[in-house]
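**Student:** Protein chains in written order, with the working numbering: chain A, 189 to 769; chain B, 11 to 334. All C-beta atoms, glycine included, are put in the ideal place defined by N, C-alpha and C. Keep in mind that this is a model prediction, so the values were computed, not measured.
(1) Report buried or exposed for residue 302 of chain A, applying the criterion of at least 16 other Cβ atoms within 10 angstroms of its Cβ.
(2) Does the beta carbon of residue 290 of chain B come closer than 8 Å to any beta carbon on chain A?
(3) Looking only at C-alpha atoms, which of B/37, B/261, B/257, B/50 sits nearest to residue 305 of chain B?
(4) Using the three-state DSSP reduction, which class does residue 314 of chain A fall into: helix, strand or coil?
(5) Are the region 280-298 of chain B and the region 230-246 of chain B touching by the rule of at least three beta carbon pairs closer than 8 Å?
(6) Of the residues A/340, A/341, A/331, A/368, which one's Cα is nearest the Cα of residue 357 of chain A?
(7) What residue from A/406, A/338, A/733 has the CA that sits closest to residue 344 of chain A's CA?
(8) Per DSSP, which one or two residues make a beta bridge with residue 309 of chain B?
(9) State the DSSP-derived secondary structure class of residue 430 of chain A, mapped to helix, strand or coil.
(10) Does residue 265 of chain A pass the burial test, meaning 16 or more other C-beta atoms within 10 Å, or should it be called exposed?
(11) Within the 8 Å Cβ cut-off, does residue 323 of chain B reach chain A?
(12) Going by DSSP, what residues sit across from residue 348 of chain A in a beta bridge?
(13) Any beta carbon from chain A within less than 8 Å of residue 33 of chain B's own beta carbon?
(14) Which residues in the same chain have their Cβ closer than 6 Å to the Cβ of residue 540 of chain A, if we skip the five residues on either side of it in sequence?
(15) At least one CB of chain A closer than 8 Å to the CB of residue 257 of chain B: is that the case?
(16) Could you compute how far the alpha carbon of residue 102 of chain B sits from the alpha carbon of residue 55 of chain B?
(17) Taking only beta-carbon positions, decide if residue 312 of chain A is within less than 8 Å of chain B.
(18) What does the alpha-carbon distance come out to for the pair residue 670 of chain A and residue 678 of chain A?
(19) Please list the residues of the region 273-302 of chain B that have a C-beta atom closer than 7 Å to any C-beta atom in chain A, keeping them in chain order.
(20) Could you spell out where the alpha helix (DSSP H) holding residue 658 of chain A opens and where it closes?
(21) May I ask you to report which of helix, strand or coil DSSP gives residue 425 of chain A?
(22) Just verifying my parser: in three-state terms, what is the DSSP assignment at residue 212 of chain B?
(23) Please list, in chain order, all residues of the same chain as residue 354 of chain A whose beta carbon is under 7 Å from its beta carbon, the five residues on each side excluded.
(24) Is residue 501 of chain A buried or exposed, if buried means 16 or more other CB atoms sit within 10 Å of its CB?
(25) So, does the region 572-586 of chain A touch the region 704-715 of chain A, judging by three or more C-beta pairs under 8 Å?
(26) Which of helix, strand or coil does DSSP assign to residue 401 of chain A?
(27) Taking C-alpha atoms, which residue in A/426, A/537, A/445 lies nearest to residue 235 of chain A?
(28) Among residues of its own chain, excluding the 5 on either side of residue 715 of chain A, which ones have a beta-carbon nearer than 8 Å to its beta-carbon?
(29) Quick check: what's the CA-CA separation for residue 287 of chain A versus residue 474 of chain A?
(30) Can you tell me which of A/750, A/739, A/752, A/751 puts its alpha carbon nearest to the alpha carbon of residue 760 of chain A?
(31) With distance defined between alpha-carbon atoms, name the residue in A/599, A/369, A/297 nearest to residue 359 of chain A.
(32) Expressed to the nearest angstrom, what Euclidean distance is found between the alpha-carbon atoms of residue 199 of chain A and residue 469 of chain A?
(33) Check the C-beta distance from residue 349 of chain A over to residue 324 of chain B and give it rounded, since I have them as a contact under 8 Å.
(34) Tell me where the beta strand (DSSP E) around residue 438 of chain A begins and ends.
(35) Could you tell me whether the Cβ of residue 440 of chain A comes closer than 8 Å to any Cβ of chain B?
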C-alpha cells in the first residue's frame with residue numbers, strides 16, 4: 189500500500205514539475221533577460237548622466253575661475269609708467285569689491301617690480317618696487333599667460349589659490365591674485381546630482397578644494413578627512429571616462445564620475461548614492477522579481493490543477509484495478525475524460541464483468557464437482573445452467589458398496605490404521621467413479637452410493653454400472669490382499685439396481701447434495717447388504733439390460749428386506765487372485 | 011464643505027505627525043549669555059535662521075537668556091549659572107563670554123560667535139580642529155583688521171595725526187589687536203590714543219576724553235558695550251566735528267560716518283547653522299571655526315557732508331553701501 193502510494197505521488201510530482209517548469213522556465217528566462225538588458229541600459233544611461241554631470245560641474249568650477257581671471261584681465265591692459273598709478277589702484281580696489289573671492293591683488297610691472305598690493309584683510313602697499321621676478325607666480329605667468337599655484341591653507345583652514353595673469357605684452361605687467369576658494373562653495377553647493385548627489389573638487393595632490401559641506405574643506409590638510417575622497421577619485425580614474433562605484437566617508441555605496449579642470453589641474457568628482465542612482469534599476473528588478481514570483485505562483489497553481497486532472501483518472505484506475513483484484517467484480521471505474529484513459533477504464537470494466545461471470549462459473553463448477561465427476565461437472569457447466577440438477581424422475585442405476593468386517597476391524601485397530609485403510613479405499617474407488625463418469629451422491633464410513641445416468645444421461649447405464657462395480661470389486665480386492673497381509677480381516681461387497689427414481693438436489697443453503705430417492709435405491713442398498721465378500725449382486729432389471737454383454741449368474745430369488753415377496757437376484761463373483769501382480 | 015474640512019483635518023494630522031517625527035518630543039534647551047542685552051538685529055537674525063532650520067522657540071526649543079548688562083566681570087558667575095541648568099548647548103557672542111563659558115564647562119557644547127582670535131584666546135586648538143567642546147564663527151580674519159581701519163581712516167582724513175580708539179579692556183580680542191596693530195599706525199603717521207570703556211555708562215566720558223585729547227578721528231571697535239544701543243556714539247558725536255570709524259554697520263545707519271565690517275547678520279545666521287548641526291549630533295571638536303570672507307565698507311555721505319568731509323573716490327569705489 190505504502191509503495192503504491194509513493195508511486196502515485198511520484199507520478200503527480202513528475203507531472204507537476206514538468207508542467208510547472210514548462211511555464212516557469214520561459215517566464216524566468218524572459219524576466220531575467222529583460223532585467224539584465226534593463227540593467228545594462230540603465231547603467232549606460234547613468235554612465236552618460238553622471239559623465240554629463242561631472243563635465244557640467246567641471247565647466248561651472250572652470251567658469252568660477254574664468255570669472256576671476258577675466259576680471260583680472262582688466263588690470264593688465266595698459267603699460268606701466270614710472271609714475272604711481274592712482275587709477276589703477278582704484279581699479280584694483282573696485283575689483284576687490286566686485287569679486288569677493290579675491291583676497292588680495294599684487295600688480296607687478298613689466299620689469300618684475302611690485303607696484304601695487306591691495307588686500308581685503310592686510311594693509312595695502314603702493315610703489316613698493318620690490319623685485320618679484322623670482323616669485324613663481326610671476327615667473328609662471330610670464331611663461332604661460334595664466335598660472336595657477338598650489339592650493340594652500342590659510343591658518344591651516346581656509347583653502348587659498350594663487351592665480352597670476354600676464355597681459356598680452358610684457359610692459360603691461362602681471363597681476364597676482366590670492367583667491368579664497370571657500371567661495372567656490374556657492375558654486376559647488378548649487379550642483380545637485382539627482383536628489384541627494386553632489387560634487388566635490390580635489391586638487392592635484394588630493395586636497396579638498398570644494399565640497400558642499402564647507403566644514404570638510406575647512407579641516408585643511410587632514411588626512412583622515414581627505415582619504416575617502418582620494419579613494420573615490422582613484423576609483424574614478426581606474427574606471428576611465430565612465431562611472432564607477434565606490435564608498436563615501438560614511439561607508440555608503442555611491443556611483444561616481446570625474447571630470448578634469450585643466451587649468452589648475454583639479455578634478456571634479458560627482459557622486460550619487462548607489463541606492464538613488466540605481467533606484468530605477470532596483471525598482472525594475474523588484475518589479476521583475478515580483479512578476480516572476482506571481483508567475484511562478486500562478487504556474488504552480490496551474491501545474492497543480494493540471495497534474496491533479498491528469499493523475500486523478502490514473503488514481504481511479506489504480507483504485508479500481510485494486511478493488512477488482514481484491515474480488516470486487518461489481519466495482520466499475522467511472523472515468524469520463526473522453527480519451528484513452530476512459531477507453532482503458534471501459535475495458536477494465538468489461539474485464540471485471542467477464543471476471544465476475546468467470547468466477548461465478550468457477551464457483552458453480554466447484555459446487556458440482558463435489559458430487560459429480562469432473563467431466564460431468566464440466567459438462568453441466570458447459571450447458572450453461574444447472575437445471576440438470578433440478579429434481580425429476582428418471583431411470584437410474586444405483587450402486588452401493590461397503591466393506592465387510594469393517595466395524596469389527598475399526599473397533600480393535602488403531603485410529604491411524606483405520607484412517608489409512610479408509611483413505612486407500614476411497615482413493616481407489618474415487619478414481620474409478622471418476623473414470624466412469626458416475627455420480628457419487630453420498631458416503632458414510634465404509635459405505636458409499638453412486639448413481640449412473642443422473643444427473644447426466646449416459647448410454648447403456650446398466651452396462652456401465654456393472655463394469656463400474658466389477659472394476660471396483662477387483663480394485664478393492666487388490667487392496668484387501670495388502671490389508672490381509674497386515675492382519676485385517678476385511679471383505680468387500682457391491683449391490684446395484686436399476687429403476688426409476690426421483691433425483692435432485694437436497695439440502696440447505698450452502699450444504700447441498702445430489703441424491704436419488706426411490707425403491708431402486710433401497711433395493712440396491714439391500715443387495716449390497718446381502719452381497720458377500722467378492723460378490724456383486726444385481727436386480728433383475730440390470731441383469732436383463734446386460735444379459736448379452738456381461739455374464740451374470742442368476743442366483744434365484746431371495747427375500748429382500750422391505751419387499752413382501754422374494755426377488756430374483758443375479759450375481760457375479762470376482763475371482764480370488766493368489767496375490768497382487 | 012464636509013470634504014474640504016476632512017481634507018484640512020487630514021493635512022493637519024499629517025503635518026503634526028511629520029513635525030512630531032522630525033523633532034524630539036522634549037524641547038531642546040539652549041543657553042544664551044549676552045554681553046548687554048539678548049536683543050538686536052544679530053539676535054533676531056540668529057533666531058530667524060534657527061526657525062528656518064526647524065527650531066521653533068516654545069515648540070521644540072527653549073532659550074534661556076542671561077544678559078551681563080555690560081558688566082563683563084559677571085561673565086563667570088552667569089556662565090556657571092547657565093551651566094548649572096544643564097542646557098543642551100550654550101551660545102555666547104564675544105571673546106570674554108566665550109572664554110567664561112569655556113571655563114565653566116568642558117562637557118556642554120559651546121558655540122561662540124563674534125570672536126576674532128579663538129586660537130590665541132584658547133577657545134579652540136586650531137581653526138581646522140577645535141578639538142574640544144567649543145566651536146563657532148569667527149568675526150574677522152585677525153592680523154591686520156585694526157590696522158586696516160587705520161588705513162581707511164588715513165585715506166578718509168589725509169591730514170589727521172591723532173586718532174582715538176575706544177576699546178573694551180575686558181575684550182581679549184581688543185587687547186590682542188591693540189598690542190599687535192597699534193604700532194602699525196605709525197606707518198600711516200598716526201598717533202593713537204587708546205580709551206578704555208569698561209561699562210556702557212562710561213561711553214559718554216570716553217567720547218568726551220577723545221575730544222579732550224584733540225583726536226582728529228575716532229575708532230570704535232566692535233563690542234556690545236560700545237555699540238549698544240547702536241546710535242549712542244553717533245549721537246554723542248553728532249554735535250562734534252569728530253569723524254568716527256565703526257566696526258559695525260548699525261551705528262552708521264544711526265548716523266555714524268563709516269564702517270568697515272564683516273556682515274554681522276550673515277555671521278549670526280551662520281552661527282545658527284552651527285547650533286543646528288550641533289543639536290543634530292555633530293561634535294564641536296570636529297567642526298572647523300569659520301572666518302568671514304567678505305568685509306563691507308559702509309559710508310554715510312550725509313554725515314560726511316555734515317562734517318564737511320569729502321570721501322575720496324578710492325573709498326567710494328570700495329563702498330558696498332553708501333547712505334545718502
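**Tutor:** Checking against the coordinates, here is how it stands:
(1) Translated into the one-based positions of the first chain, residue 302 of chain A becomes position 114. Label assigned to residue 302 of chain A: buried.
(2) As a first step, residue 290 of chain B is located in the second chain; it is residue number 280 there, counting from the start. It does not; no Cβ of chain A falls within 8 Å.
(3) By 1-based counting over the second chain, the position of residue 305 of chain B is 295. Residue B/257 is the option with its Cα nearest to residue 305 of chain B.
(4) For this step, residue 314 of chain A is matched to residue 126 along the first chain. The answer is strand: DSSP assigns residue 314 of chain A an E or B state.
(5) no
(6) Taking the first chain and counting its residues from 1, one reaches residue 357 of chain A at position 169. That would be A/331, whose Cα lies nearest to the Cα of residue 357 of chain A.
(7) Counted from its first residue, the first chain places residue 344 of chain A at position 156. Checked all of A/406, A/338, A/733; the closest Cα to residue 344 of chain A is A/406.
(8) Against the second chain, residue 309 of chain B aligns to sequence position 299. Answer is B/268, B/332, bridged to residue 309 of chain B.
(9) Numbered from its first residue, the first chain carries residue 430 of chain A at position 242. Three-state result, residue 430 of chain A: coil.
(10) Numbered from its first residue, the first chain carries residue 265 of chain A at position 77. Classification for residue 265 of chain A: exposed.
(11) What you label residue 323 of chain B is simply residue 313 of the second chain in a count that begins at 1. Yes, contact with chain A.
(12) Position 160 of the first chain, counted from the first residue, corresponds to residue 348 of chain A. DSSP output for residue 348 of chain A lists A/340, A/368 as bridge partner(s).
(13) Locating residue 33 of chain B in the second chain gives position 23, where the first residue counts as 1. Reliability fails at residue 33 of chain B, whose pLDDT of 49 lies under 50, so the model's placement of it is uncertain and the value that follows must be treated cautiously. Not one chain A Cβ lies under 8 Å of residue 33 of chain B.
(14) On the first chain, position 352 is the one that residue 540 of chain A refers to. Excluding sequence neighbours, residue 540 of chain A sits near 512, 517.
(15) Residue 257 of chain B sits at position 247 when you count from the first residue of the second chain. Residue-level contact by beta carbon fails for residue 257 of chain B and chain A, as no gap is shorter than 8 Å.
(16) Position 92 of the second chain holds residue 102 of chain B. Position 45 of the second chain holds residue 55 of chain B. Near 15 Å, if we compare the C-alpha coordinates of residue 55 of chain B and residue 102 of chain B.
(17) As a working note, residue 312 of chain A is residue 124 in the first chain. So, interface residue.
(18) Within the first chain, residue 670 of chain A is the residue found at index 482, counting from 1. Within the first chain, residue 678 of chain A is the residue found at index 490, counting from 1. For residue 670 of chain A and residue 678 of chain A, the distance between alpha carbons rounds to 10 Å.
(19) 297, 298, 300, 301
(20) Locating residue 658 of chain A in the first chain gives position 470, where the first residue counts as 1. That run of the alpha helix (DSSP H) goes 649-673.
(21) Walking along the first chain from the start, residue 425 of chain A turns up at place 237. Residue 425 of chain A: helix per DSSP, three-state reduction.
(22) For the purposes of this step, residue 212 of chain B is taken as the residue at position 202 of the second chain. In this structure, residue 212 of chain B counts as helix in the three-state DSSP scheme.
(23) Here residue 354 of chain A is taken as the residue at index 166 of the first chain, counted from 1. 264, 329, 330, 333, 362.
(24) Along the first chain, read from residue 1 onward, the residue named residue 501 of chain A stands at position 313. Classification of residue 501 of chain A: buried, given that the 10 Å Cβ count is 16 or more.
(25) yes
(26) Residue 401 of chain A sits at position 213 when you count from the first residue of the first chain. Reduced to three states, the DSSP call for residue 401 of chain A is coil.
(27) If you number the first chain from 1, residue 235 of chain A lands on position 47. It is A/445 whose Cα lies nearest to the Cα of residue 235 of chain A.
(28) Counted from its first residue, the first chain places residue 715 of chain A at position 527. Once the five neighbours on either side are set aside, the close Cβ partners of residue 715 of chain A are 588, 683, 684, 685, 725, 726, 727, 748, 757.
(29) Within the first chain, the letter at position 99 stands for residue 287 of chain A. Within the first chain, the letter at position 286 stands for residue 474 of chain A. Computed Cα separation, rounded: 51 Å.
(30) What you label residue 760 of chain A is simply residue 572 of the first chain in a count that begins at 1. Residue A/739 is the option with its Cα nearest to residue 760 of chain A.
(31) For the purposes of this step, residue 359 of chain A is taken as residue 171 along the first chain, with counting starting at 1. Of the residues A/599, A/369, A/297, the one whose Cα lies closest to the Cα of residue 359 of chain A is A/297.
(32) Counting from one through the first chain, the residue named residue 199 of chain A turns up at place 11. Counting from one through the first chain, the residue named residue 469 of chain A turns up at place 281. Taking the straight line from one Cα to the other gives about 41 Å.
(33) Position 161 of the first chain holds residue 349 of chain A. Position 314 of the second chain holds residue 324 of chain B. About 27 Å separates the two Cβ atoms, so there is no contact after all.
(34) Counting from one through the first chain, the residue named residue 438 of chain A turns up at place 250. First-last for residue 438 of chain A: undefined, no H or E at that position.
(35) As a position in the first chain, residue 440 of chain A is number 252, starting the count at 1. At a cut-off of 8 Å between C-beta atoms, residue 440 of chain A does not count as an interface residue with respect to chain B.
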